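Protein chains in written order, with our numbering: chain A, 1 to 275; chain B, 1001 to 1243; chain C, 2001 to 2243.
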Amino acid sequence: MTAEILSFETGRPAEVHDGEPSLVVDVEGYEGPLDLLLTLARQQKVDLAKISILALADQYLIFIEAARKIRLELAADYLVMAAWLAFLKSRLLLPEPATPDGPSAEEMATALANRLRRLEAIREAANRLMNRPQLRRDIFPRGNPEQIAEIRHPRFTATLFDLLTAYAAQRQQRVLANVHLVKRTVWSLSEARASLERLIGIAEEWSCLDDYLLSYVVDPSQKATVFASSFAAALELVREGEMELNQKEAFAPLYFRKRPPQASGAMPAPGLSVE
Amino acid sequence: MASLAEKRMDDAEDRPVEAGTEVAARPEELRLLEALLFASDEPIDQAALAKRMPDGVDIKAALAQLQAEYAPRGVNLVRVANKWTFRTAGDLSWLMTRESTETRRLSRAAIEVLAIIAYHQPVTRAEIEEIRGVITSKGTLDVLLETGWIRPRGRRKTPGRPLTFGTTEAFLSQFSLEALGDLPGLEELRGTGLLDSRLPSAFSVPTPSDDTTLRDDEDPLDDGDTLELLLAPAAEPEGGGGG
Amino acid sequence: MASLAEKRMDDAEDRPVEAGTEVAARPEELRLLEALLFASDEPIDQAALAKRMPDGVDIKAALAQLQAEYAPRGVNLVRVANKWTFRTAGDLSWLMTRESTETRRLSRAAIEVLAIIAYHQPVTRAEIEEIRGVITSKGTLDVLLETGWIRPRGRRKTPGRPLTFGTTEAFLSQFSLEALGDLPGLEELRGTGLLDSRLPSAFSVPTPSDDTTLRDDEDPLDDGDTLELLLAPAAEPEGGGGG
C-alpha cells in the first residue's frame, strides 16, 4: 500500500528533489491538501471531470494514515481535509436523506472535482506562461540603447507685480541710504562743540576760526554745515565764558581764543566783542 | 558582394555612402521608425511614435511593413503591452543565453500565484488561497512584487478591505504579450467556465483585466499604504498568518 | 534546443508568419550576428563575435554584408575603435533629441536688474550698479538676455564706451504692457503703497521709454559685438569683477 502511495512521487511535475529516498511520505513537498489531492487524482489517469471522488477520498485517507503512522507532523489543513473527505465518503455511500438540507453529497463531490480542475487548469496555464519566450532569458531588448537627448527650453516667468515691487524696494532702499549719508555729513551742534573745545584747548592767542575749520574739515561740500554748527557752538562757548570771539566787520573772518582766567575785558579785542 | 563590402569597410569608418539597390525605394518613414525603435530599449506606443514622425505618415501601415521586413531577421519588431519594440528573435535564445544575466528562478508557488493573478485579476490574496487551497506566504508575494510583474491595485469593497492584485506592463513585456487577452490558454479556460465560477456572482470577472481603472468593487489604495503594510497578514484577516 | 525554441515561437502570437521573399535566402549567420550585436550592451570586436558564432562562419564577410544591408537604413552597423555596434544613422541624429520647455522663475537679482533697465533705459551696467548698490553678476545679465526681455541697445559715449541696455517687445508682451509708458510712475507707485509716501521731494521715478532710436549720448553697437563680448567684464571697466 505504501509503495503504491509513493509511486506517484515520480509523477510530480516539479520541485521534487531527485535525490530524495523513495520510501518517504513527503508531505513537505505538497503545496497543501488540494495539491496532494490533485496529485492523487492524476494517478487515476482519467479526466478530472469523470474522476471517482470516492476512490480519491480513499487514497487521501490512506496517505494521511500512513503519514500519521510514521508520526509525520501534518499541518492542520491536511487533517481538516481528511475529516471532510471521510464525511463526504460516508455521505456518498449512504442513501440520500429524503429532505436534504444543504448541498447533496453529489454536489459536494462535484464542487471538489471542480476545485481540482480549476487548480489543474491554472497550473497548466502557468506552465504555458512560463514557456513563453521570456525577456532577457530567450529574447533580448537593445543592449546598448541610445539616449534621447533632451533639449530644454527655459520659459521664464515673472509678474508685473514682481517687477514693480523690486523696483520700488530698490529705489526706496537707496534713497534711505542717501538720507543716512547726509546725516553723517551734517555737523551736529555737539560735534561742533566737541571740536571747538578741542581747538580752544590749544589756542591761547587769537586764532582764525576759518583756518582751523578749513584744515579740520576736509570735504569742501561740508563747509556750510561745519561753519553753521561751529558758529552756533562758538556762541554757546562764549556765553559760557569758555572762549572769546572777535570779528572786525560783517563777513570778516572770525577770531577766537581761549578765555584767559581773569582777563574779562582786560585785553581789548581787535573788533566787535561778543559777550 | 563581400569584396565590395570589404572595400567599404576599409575606408568608411561610419557607413557606406551608396545604398543597396533592392531597398532604394524604401520609404523614409521606415528609416525614421526603425531608428526610433532601435534606439530605445523600452517599448514605445504608437501615439508617441506618431508625435516624433513627420505629419501625414500612416504609422500603422509603416509599422506593419517594418514588422514584416524584420520578421525573418535576427531582430524582430514585436508588440508588447500595446507598444512596439525590437527584440531578438525567439528562436535564437540558444545563441543569446550568454547574454543573459542570472535569470530569476521563481518557486513553483510563486509561479502559481503569478498565474492566478494574471488570469483572475483583480484578485485578492484570499481568492488566490481559495484556488490553491493553501496559505500564501508573505515571501511569495514579496518575490513577485520584487519582479515588478504584479502590483497592488486597490482594495476590495468587502469587510477587511483586502488588497486586490493585478499584473503590470512589465509582466506583459516579460512574456511578450501584446495584451492580457493573449495569455496562453485563456480562451480554453474561459470555455470551461473555470475562471468565473469561482467567485461569488457579485464579483463575477469573466475576463482578466489589468486596466488601471478600478472595478466597481475596488477602492483606491490608501495614502498610507506601503508595500510593507500591504503585505502584512493583518491587512487581510481572511488570509491568516503566513504558513 | 532548436525544437524548444520552435515550440516557443508557436505560441508567440506577436510574430507574423510570412517573411519577405527577397530575403528568404539570407544566410542564417546574418540573423545571428544582428541578434548578437543588437543585444550586446557594448560594441563587440570581431574576435568576441567569432567566439559566439557557429564554427566555419566567415565573420568578416558576414559583418561586411550586414553593414551593407543596414547602410541605407535608419540604423547602421558601424565600427567604433575596431568594435562593432548598431547606431542611429548620422543623418537622423535630430530624431534622437527631444525638445521640452521648462518654466523657470527669475531670480530676485534678475528681476531687480530688469526693473531698473525698464525704468532707466538706456542704462549701463555701471548705472544699474549705482542704483542697486551692488555689483551685477554676469550670470544675471545672461539670464535676462536669455529671456529676450532686454537687449543691448548701443554704447554710451563715455570713456570705456559701456553698453546701454533697454527692454524689448517681448518684455512688453510678457508683462502685458501696451507701451513702456504704461509702467506706473511715482504717484501710481505711491498710490499702490509700493513706495513710501514720505520719500524726499527730490525723489523721482523716470518716465521710461524704449524708443529704439539711439540717444545723443549713445553710439550704435559695433559690428563685432557679440553677446559673448558684450558681457565680458572687461568691456565695462567700471563694472568691476562680478562679485
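We put the beta carbon where it would ideally sit given N, CA and C, even for glycine.
The structure presented is a predicted model; accordingly, all values stated were derived computationally and were not measured.
As assigned by DSSP and simplified to three states, the class of residue i
{"i": "residue 2087 of chain C", "result": "strand"}
{"i": "residue 134 of chain A", "result": "coil"}
{"i": "residue 1053 of chain B", "result": "coil"}
{"i": "residue 260 of chain A", "result": "coil"}
{"i": "residue 110 of chain A", "result": "helix"}
{"i": "residue 2105 of chain C", "result": "strand"}
{"i": "residue 1064 of chain B", "result": "helix"}
{"i": "residue 159 of chain A", "result": "coil"}
{"i": "residue 2235 of chain C", "result": "Confidence at residue 2235 of chain C is low in this model, with a pLDDT of 39, below 50, so its placement is unreliable and the value that follows should be read with caution. Residue state, collapsed to three classes: helix."}
{"i": "residue 1018 of chain B", "result": "A caution first: residue 1018 of chain B carries a pLDDT of 42, below 50, which makes its placement in the model unreliable, though a value can still be read off. Correct three-state label for residue 1018 of chain B: coil."}
{"i": "residue 1007 of chain B", "result": "Residue confidence is low: residue 1007 of chain B scores 37 on pLDDT, short of 50, so the model does not pin down where it sits. Its coordinate-derived value is still stated next. If DSSP states are grouped into helix, strand and coil, residue 1007 of chain B belongs with the helices."}
{"i": "residue 2100 of chain C", "result": "strand"}
{"i": "residue 30 of chain A", "result": "coil"}
{"i": "residue 1142 of chain B", "result": "helix"}
{"i": "residue 1036 of chain B", "result": "helix"}
{"i": "residue 207 of chain A", "result": "strand"}
{"i": "residue 119 of chain A", "result": "helix"}
{"i": "residue 129 of chain A", "result": "helix"}
{"i": "residue 164 of chain A", "result": "helix"}
{"i": "residue 254 of chain A", "result": "strand"}
Neighbourhood of residue i by C-beta distance below 7 Å, restricted to the same chain and skipping five residues each side
{"i": "residue 2059 of chain C", "result": "2046, 2049, 2050, 2053"}
{"i": "residue 1121 of chain B", "result": "1165, 1166, 1167, 1208, 1209, 1210"}
{"i": "residue 231 of chain A", "result": "none"}
{"i": "residue 2083 of chain C", "result": "2043, 2044, 2045"}
Extent of the continuous beta strand (DSSP E) run through residue i
{"i": "residue 2134 of chain C", "result": "Per DSSP, residue 2134 of chain C belongs to no beta strand (DSSP E) and is neither H nor E."}
{"i": "residue 247 of chain A", "result": "243 to 247"}
{"i": "residue 38 of chain A", "result": "No beta strand (DSSP E) contains residue 38 of chain A, which is instead part of the alpha helix (DSSP H) from 33 to 43."}
{"i": "residue 2077 of chain C", "result": "2075 to 2080"}
Own chain partners of residue i with C-beta closer than 8 Å, once the 5 adjacent residues on each side are dropped
{"i": "residue 1140 of chain B", "result": "1107, 1109, 1110, 1113"}
{"i": "residue 141 of chain A", "result": "135"}
{"i": "residue 108 of chain A", "result": "88, 91"}
{"i": "residue 61 of chain A", "result": "82, 85, 86, 89"}
{"i": "residue 1081 of chain B", "result": "1043, 1169, 1172, 1173, 1177, 1178, 1179"}
{"i": "residue 2219 of chain C", "result": "2154, 2155, 2156, 2157, 2161"}
Extent of the continuous alpha helix (DSSP H) run through residue i
{"i": "residue 1027 of chain B", "result": "Taken as a continuous stretch (DSSP letters only), residue 1027 of chain B belongs to no alpha helix (DSSP H), as it is neither H nor E."}
{"i": "residue 81 of chain A", "result": "76 to 93"}
{"i": "residue 1096 of chain B", "result": "1093 to 1096"}
{"i": "residue 1119 of chain B", "result": "1108 to 1120"}
{"i": "residue 146 of chain A", "result": "From DSSP, residue 146 of chain A is part of no alpha helix (DSSP H); its letter is neither H nor E."}
{"i": "residue 68 of chain A", "result": "53 to 69"}
{"i": "residue 232 of chain A", "result": "223 to 239"}
Assigned exposure category for residue i - 16 Cβ within 10 Å defines buried
{"i": "residue 40 of chain A", "result": "buried"}
{"i": "residue 147 of chain A", "result": "exposed"}
{"i": "residue 2063 of chain C", "result": "buried"}
{"i": "residue 1181 of chain B", "result": "exposed"}
{"i": "residue 132 of chain A", "result": "buried"}
{"i": "residue 255 of chain A", "result": "buried"}
{"i": "residue 2193 of chain C", "result": "exposed"}
{"i": "residue 173 of chain A", "result": "exposed"}
{"i": "residue 80 of chain A", "result": "exposed"}
{"i": "residue 1142 of chain B", "result": "exposed"}
{"i": "residue 1136 of chain B", "result": "buried"}
{"i": "residue 1176 of chain B", "result": "buried"}
{"i": "residue 151 of chain A", "result": "exposed"}
{"i": "residue 2150 of chain C", "result": "buried"}
{"i": "residue 1185 of chain B", "result": "buried"}
{"i": "residue 1189 of chain B", "result": "buried"}
{"i": "residue 2075 of chain C", "result": "buried"}
{"i": "residue 2201 of chain C", "result": "exposed"}
Test: residue i CB closer than 8 Å to a CB of chain F
{"i": "residue 141 of chain A", "result": "The question asks about chain F, but that chain is absent: this structure's protein chains are A, B and C."}
Spatial neighbours of residue i in its chain, beta-carbon cut-off 6 Å, leaving aside the 5 residues before and after
{"i": "residue 2124 of chain C", "result": "2156, 2162, 2164"}
{"i": "residue 1116 of chain B", "result": "1128, 1131"}
heavy atom of the ligand MG below 7 Å from residue i C-beta
{"i": "residue 2119 of chain C", "result": "In the structure shown, the ligand MG is absent, as is every other ligand, since no ligand is present at all."}
*Within the region 2144 to 2226 of chain C, note down every full beta strand (DSSP E) run reaching 3 residues or more, in order along the chain.*
The qualifying runs are 2150 to 2156, 2163 to 2167, 2218 to 2220.
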